[in-house]
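**Q**
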Amino acid sequence: MRIGLRKRLVVWGALLLVCVMQTHSVAQIKVGGNLAPPKPSLVPVHLPDLTELEGDVRSQITTQQNALAEVVRNKTATDAVVSEAYGLMGQTYHAYSLTAPARECYLNASRLTPSDFRWIYLLAKLDQQEGDVAAAIPRFQTAGSLQPKFLAVPVNLGNIYLELNRLEEAKASFVKALENQQGSAAAYYGLGQVALSQRAYAEAINYFQKALAFAPDANRIHYSLAMAYRGLGDSENARAHLAQQGSVGVRVADPLLDGLQELVQGARVHLIRGRVAFEAKRYAEAAAEFRRAVTARPDSIPAHVNLGVALTQTGDLKGALEEFEATLRMDPQNTTAHYNLGVLLARDNKHQQAIPHLQAVSTINPNDFAARLLLVQELLKLDRCAEAAEWQRKLIETATRQGNDDLLNKLRADLQRYENVRPCRPPQVTEP
Amino acid sequence: MKLRYSLCKLASLFSCVSLCVSVNAQISNRTSGAVFDEVAERVGLSFRHYNGMTGKFFLPEIMGAGAALFDYDNDGDLDVFLVQGAVLEPGSKPNGTLFPWRDAESPRGRLFRNDLEIGKDGSRKLHFVDVTEKSGIVANGYGMGVAVGDINNDGWPDLYLTNLGSNQMYLNKGDGTFVDVTKKTGTDDVRWSTSATFVDYDRDGWLDLMVLNYATFSTSSSPNCYAATSARDYCTPRVFAAPGNRLFHNKGDGTFADATISAGVEKEFGHGLGVVADDFNDDGWPDIFVANDGDPNQLWINQKNGTFKNEALLAGVAVNRDGKTEAGMGVDAGDCDGNGTEDIFVTHLMEETHILFTNLGSALFEDRTRESGLGMPGSRFTGFGTLFFDYDNDGWLDLLVVNGAVQLLPELVRKGDPNPLGQPKQLFHNTGKASFVEVSEQAAPGFKLLEVSRGAAFGDIDNDGDTDVLVTNNNGPVRLFLNQAGTRNHWLGLRLIGKNGRDMLGARVDVVINKNRVLRRRTRTDGSYLSANDPRIIVGLGNVMQVEAIRVQWPDGSSEEWKTPSVDRYLVLKQGTGNR
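From first to last, the protein sequence lines are chains G and S.
For the first sequence, my numbering assigns the number 1 to the initial residue and increments by one for each residue that follows.
For the second sequence, my numbering assigns the number 1001 to the initial residue and increments by one for each residue that follows.
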């Protein structure tokens, strides 16, 4: 038997919601004021309501707002200095998806220093994200004229033209991107999409294959390849590529946009850093980051679960158990915490204590084969044969849904033993 | 050959007015103003959705609810059922929630009878009366959606109500009252159900039932989720397990059998929100498309032996054209490009696009969202209820999408909006062959209101030959948009009934204008989001005043034809009365 601790970190991305801020109740909403501009040509920046934000984040934004206000009040500050302050504030807002004040800040920064590529580009990105393509196109064009070698500009433009079904302009933009960087997977992918739109399937396949060659991890390209092969009537190749398709898309390098993530503070950033460290097997560092996330947001379930997993890897099993138990106090149905507790307790030969956790996860998620399998084994260790047989039947149901005939046969044979042999003994079934 | 319409019971099944009165007389009265006129309050449809919002960001609060347009009393006009929410947390009181319920009676789903009066001059007086008490419908669960179908083939439409918790099947007794037959029929599902569809998948003459389930939710285990701002917000469904859907087979004896496993639809599922049954591969057997929120969609192709096989991925409808899984909400199917095959439209989250999957034939689809002009306009809002319908009766199926966010909108928060999820509604005009242009500006002033719209039910409420729209708003009032534009063009209204008077859901109609132009439509009540639509078909004819023939393919596979029908009126086509 090989059942490992569920090391899959709780993915923060699943909990991260896009482009929102919130209020808890109507009465608590405080409509923010605004920061008056130093010149008539600039716009006021409406201050967002920060009351519901994490303490670290609120503090970061407030500090920066104060710094900007100080610069704006300083009549001796040059346009370049004021622009930079607006731009940095805009980036911080942007990093937290506070897009309306971010836009106002970028607008002012851009008006103060029209030749600064960054602000017009980030404004265009905001336009694109919000679907205002009429504004995005000229801004990207301006940005492109300021920094012709910035690859993301023609790729973004190409993608916008694609969405607008302006295929010739899209094609021209992607070709321009290739002139900037010959091995741009994003540009080849865009050209493939243009060809697919035109039902030029062979041409699309050619471009998609090039994109895949330059970005082999971008397994979502296989889906586009499959659709192109299907268009040619080649269902064999189509199915082959569908079997390889995944969730990783093609992405153009965009240091300016990626840099926004560096500005993010609070539990989220610690979770992300912790996950990166964990995946690199730097478990102590990961645990430290996850602990910071717990400190920043004590009610964060991902932070507690991930800390528990990281502590397991560092050998601090007591600490790990505490984190999983803390998780269950907040979320009694949390299957990851139940499962990991079950595994740790089972490893520690605390079968009696492990069983309720494994029963919980097996009940909540009937498709959890590993949990059901471990549960059966724990029951057998305590000679609770009838219960083991009952769960084995449920395990068979799970396996039936998974359609693994070999495994099913083995499970059924084991079931007979649990039903008929006393004392029943642990089986030798391998996790699928 | 003369038409042989089934006129036998039309006076009772369908008002004489709807059969005999041409509405052309009214055309001159139409103004060139907005397409729709919002009249809910004026006509007695006084209803406000209650979602039990607690401030704890429980996902169900923002997902409901739906509505049904159905003629429960068979008097020839569409009545309305509106699904209602309830409190979510055990022990809490409706008047103690964030948006307190003020009525003396607790919130419950309500039935409104349509007392439409049509004057001799063709003028319409629309009025609804709340008949909930008398109806016997006690819908006081946490309501989500509604489906309509005649489960016992008695000619009276029955109701299936989906809830967060036990669902309810209400049998229409034909005397203005309903009886709860959930237990007797064996059609309960205690999970969080959303949309449902009645479909005779095995062609045995009895309507079966497919029920979608969304997420495994309980208030006691709902996690805290956060926005990119770091503030609390609603969770995505991905933090809750998907419970799986359910298919009930109608045994024809007043009971249903759970056919989920035997039919094979338990094998794949996601967070199901939208469902539509249609014959996508043109083999005469109904298939089922399921739109999932954040998971790949399923296209269950009928294997003609009581089982289904999910072919969504190769068919090209599981994900978007980039291979990316999106958040499918509402859905509909219809032939929007006029090529005689059924296309699929799915609404999605803002920053995604809605998707138009055009059917190339044999249930192979292409994502033609960009090419159709639906891409960018759809990316600005989060869409739910939707339908292919020909609002201007020009012969091309248009689209309406009702919107409302699922995560708090920062701009509305900043402005102090107490329910900061509101978004406008959208109308898209099909200028021909699935080329769409947004015409929301001309739709109605009510389209601009920032509301948390969810359900949308479509049908000809005033029987004037065009399609009206009933829109439900989460934590808001219902809206009834009466169509003011459709009867500027010619039209043909069709009700397709079986030998026992049941609406033949799934029946396919080809309206042959000439050999080069055939309009394909179908009888259905499903589609949209959590809602049930008029089973009648309105076929827009533009300036065409004469139709060569109507060909009907019935759900049992048989076909009939009616020659040269009159236009600008409703016709009832009864199975067995056409030319074979």
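Note that beta-carbon positions come from the ideal geometry of N, C-alpha and C, so glycine has one too.
Can you find at least 3 beta carbon pairs, one from the segment 1128-1138 of chain S and one from the segment 1169-1180 of chain S, that sit closer than 8 Å?
**A** Counting Cβ pairs under 8 Å, three or more are found: they touch.
**Q** Measure from the C-beta of Ile301(G) to each C-beta in chain S and report whether the shortest distance is under 8 Å.
**A** By 1-based counting over the first sequence, the position of residue 301(G) is 301. Yes, Ile301(G) counts as interfacial toward chain S.
**Q** Helix, strand or coil: which one does DSSP assign to Asp414(G)?
**A** Indexing the first sequence from 1 puts residue 414(G) at position 414. Looking at Asp414(G) - three-state DSSP - the assignment turns out to be helix.
**Q** For the segment 323-339 of chain G, enumerate the residues whose C-beta is nearer than 7 Å to any C-beta of chain S, in chain order.
**A** Those residues of the segment 323-339 of chain G that come within reach of chain S (Cβ to Cβ, closer than 7 Å) are Asp331, Pro332 and Gln333.
**Q** Of the residues Glu262(G), Arg230(G), His46(G) and Phe214(G), which one's Cα is nearest the Cα of Gly249(G)?
**A** Indexing the first sequence from 1 puts residue 249(G) at position 249. Out of Glu262(G), Arg230(G), His46(G) and Phe214(G), Phe214(G) has the C-alpha closest to the C-alpha of Gly249(G).
**Q** Could you work out which residues of chain S lie near Ala100(G), taking near to mean beta carbons separated by less than 8 Å?
**A** Position 100 of the first sequence, counted from the start, is the residue given in the question as residue 100(G). The answer, in chain order, is Pro1410, Glu1411 and Arg1414.
**Q** Which two residues bound the contiguous alpha helix (DSSP H) that contains Ser362(G)?
**A** Residue numbering aside, residue 362(G) sits at position 362 when the first sequence is read from its first letter. Residues His351 to Ile364.
**Q** How should Met1545(S) be labelled, buried or exposed, when 16 other C-beta atoms within 10 angstroms of its C-beta is the threshold for buried?
**A** The residue you call residue 1545(S) lines up with position 545 of the second sequence. Per the 10 Å Cβ criterion, exposed.
**Q** Where does Gly183(G) fall in DSSP's three states?
**A** Residue mapping note: residue 183(G) aligns to position 183 of the first sequence, counting from 1. Correct three-state label for Gly183(G): coil.
**Q** Between Ala1067(S) and Phe1081(S), how many whole angstroms is the CB-CB distance? I'm expecting something under 8 Å.
**A** For the purposes of this step, residue 1067(S) is taken as residue 67 along the second sequence, with counting starting at 1. For the purposes of this step, residue 1081(S) is taken as residue 81 along the second sequence, with counting starting at 1. So it is a contact: roughly 7 Å between Cβ atoms.
**Q** Between Gln1423(S), Val1509(S), Asp1103(S) and Asn1140(S), which lies nearest to Arg1110(S) when the distance is taken from Cα to Cα?
**A** On the second sequence, residue 1110(S) is found 110 positions in, with the first residue counted as 1. Closest by alpha carbon: Asn1140(S).
**Q** Compare the C-beta of Asp49(G) against all C-beta atoms of chain S and say whether one is closer than 8 Å.
**A** Position 49 of the first sequence, counting from 1, holds the residue named residue 49(G). Interface residue, yes.
**Q** Can you tell me whether Val1346(S) is buried or exposed, with buried defined as 16 or more other CB within 10 angstroms of its CB?
**A** Within the second sequence, numbered from 1, the residue matching residue 1346(S) stands at position 346. Classification of Val1346(S): buried, given that the 10 Å Cβ count is 16 or more.
**Q** Chain S partners of Val57(G), CB-CB under 9 Å?
**A** The residue you call residue 57(G) lines up with position 57 of the first sequence. Within 9 Å Cβ-Cβ: Thr1229, Ser1230 and Ala1231.
**Q** Quick check: the Cα distance between Val82(G) and Asp217(G), rounded to an integer number of angstroms?
**A** Your numbering for residue 82(G) matches position 82 in the first sequence. Your numbering for residue 217(G) matches position 217 in the first sequence. For Val82(G) and Asp217(G), the distance between alpha carbons rounds to 42 Å.
**Q** Would you call the segment 249-259 of chain G in contact with the segment 174-187 of chain G, where contact means no fewer than 3 C-beta pairs closer than 8 Å?
**A** In short, these stretches touch, since the Cβ pair count reaches three.
**Q** At a CB-CB cut-off below 7 Å, which residues of chain S make contact with Glu52(G)?
**A** Locating residue 52(G) in the first sequence gives position 52, counting from the first residue. Under the 7 Å cutoff, chain S gives Ala1231 and Arg1232.
**Q** Span of the beta strand (DSSP E) holding Lys120(G)?
**A** Position 120 of the first sequence, counted from the start, is the residue given in the question as residue 120(G). According to the sequence displayed, residue 120(G) carries Ile and not Lys. Element bounds for Ile120(G): not the beta strand (DSSP E) but the alpha helix (DSSP H), Phe117 to Gln129.
**Q** In the DSSP output, what is Cys1225(S) paired with across the bridge?
**A** Translated into positions along the second sequence, residue 1225(S) becomes position 225. Asp1233(S).
**Q** Whole-angstrom Cβ separation of Gly1149(S) and Leu1207(S), contact assumed at under 8 Å?
**A** Counted from its first residue, the second sequence places residue 1149(S) at position 149. Counted from its first residue, the second sequence places residue 1207(S) at position 207. The pair is a contact, with the Cβ atoms about 4 Å apart (cut-off 8 Å).
**Q** What ranges does the beta strand (DSSP E) occupy inside the segment 1369-1426 of chain S, keeping only unbroken runs of at least 3 residues that lie completely in it?
**A** With a minimum length of 3 residues, the continuous beta strand (DSSP E) runs that stay inside the segment 1369-1426 of chain S are 1383-1389 and 1398-1403.
**Q** Return the first residue and the last residue of the beta strand (DSSP E) that Phe1057(S) is part of.
**A** For the purposes of this step, residue 1057(S) is taken as the residue at position 57 of the second sequence. No beta strand (DSSP E) contains Phe1057(S), which DSSP labels as neither H nor E.
**Q** Could you give the first and the last residue of the continuous beta strand (DSSP E) run that contains Ala1040(S)?
**A** Numbered from its first residue, the second sequence carries residue 1040(S) at position 40. Where Ala1040(S) is concerned, there is no enclosing beta strand (DSSP E), given that its DSSP letter is neither H nor E.
**Q** Relative to chain S, which residues along the segment 226-238 of chain G have a C-beta separation below 9 Å, given in chain order?
**A** Listed by position along the chain: Ala226, Met227, Arg230, Gly231, Ser235 and Ala238.
**Q** Go to Gly87(G), then tell me how far its alpha helix (DSSP H) extends in each direction, as first and last residue.
**A** For the purposes of this step, residue 87(G) is taken as the residue at position 87 of the first sequence. Note, Gly87(G): alpha helix (DSSP H), Asp79 to Ala95.
**Q** Quick check: Ala1228(S) and Tyr96(G), are their CB atoms within less than 8 Å of each other?
**A** Locating residue 1228(S) in the second sequence gives position 228, counting from the first residue. Locating residue 96(G) in the first sequence gives position 96, counting from the first residue. The answer is yes: Cβ separation under 8 Å.
**Q** Hey, how far is the Cα of Ala204(G) from the Cα of Tyr188(G)?
**A** Looking up residue 204(G) in the first sequence gives position 204. Looking up residue 188(G) in the first sequence gives position 188. One C-alpha to the other measures close to 9 Å.
**Q** Count the CB pairs spanning the segment 1320-1332 of chain S and the segment 118-130 of chain G that are closer than 8 Å, and state whether there are at least three.
**A** No, because fewer than three Cβ pairs between the segment 1320-1332 of chain S and the segment 118-130 of chain G fall closer than 8 Å, the two stretches do not touch.
**Q** Using a Cβ-Cβ distance cut-off of 8 Å, determine whether Val1265(S) contacts chain G.
**A** Locating residue 1265(S) in the second sequence gives position 265, where the first residue counts as 1. Taking Cβ atoms only, chain G never reaches closer than 8 Å to Val1265(S), which makes this a no.
**Q** Counting only beta-carbon separations shorter than 8 Å, does Asn1224(S) have a partner in chain G?
**A** Residue 1224(S) sits at position 224 when you count from the first residue of the second sequence. So yes, Asn1224(S) belongs to the interface.
**Q** On the three-state DSSP scale, how would you describe Phe1081(S)?
**A** For the purposes of this step, residue 1081(S) is taken as the residue at position 81 of the second sequence. Residue state, collapsed to three classes: strand.
**Q** For the structure I just gave you, are there three or more beta carbon pairs, one from the segment 1336-1343 of chain S and one from the segment 1358-1373 of chain S, closer than 8 Å?
**A** As far as the Cβ criterion goes, the segment 1336-1343 of chain S touches the segment 1358-1373 of chain S, which means the pair count is three or higher.
**Q** Please identify, using Cβ separations under 8 Å, the residues of the segment 1309-1338 of chain S that lie next to chain G, in order along the chain.
**A** Going along the segment 1309-1338 of chain S in chain order, one finds Leu1313, Leu1314, Gly1316, Val1319, Arg1321, Asp1322, Gly1323, Lys1324 and Thr1325 with a Cβ nearer than 8 Å to chain G.
**Q** For chain S, is any of its Cβ atoms less than 8 Å away from the one on His357(G)?
**A** Sequence index remark: in the first sequence, residue 357(G) carries index 357 (1-based). No, His357(G) lies away from the interface with chain S (no Cβ there is under 8 Å from its Cβ).
**Q** Rounded to a whole number of angstroms, what is the C-alpha to C-alpha distance between Asn1514(S) and Ile1355(S)?
**A** Looking up residue 1514(S) in the second sequence gives position 514. Looking up residue 1355(S) in the second sequence gives position 355. Going from the Cα of Asn1514(S) to the Cα of Ile1355(S) covers about 31 Å.
**Q** Note down, in chain order, every chain S residue with its Cβ under 8 Å from the Cβ of Asn165(G).
**A** For this step, residue 165(G) is matched to residue 165 along the first sequence. By Cβ distance, chain S contributes Arg1370, Glu1371, Gly1373 and Gly1375.
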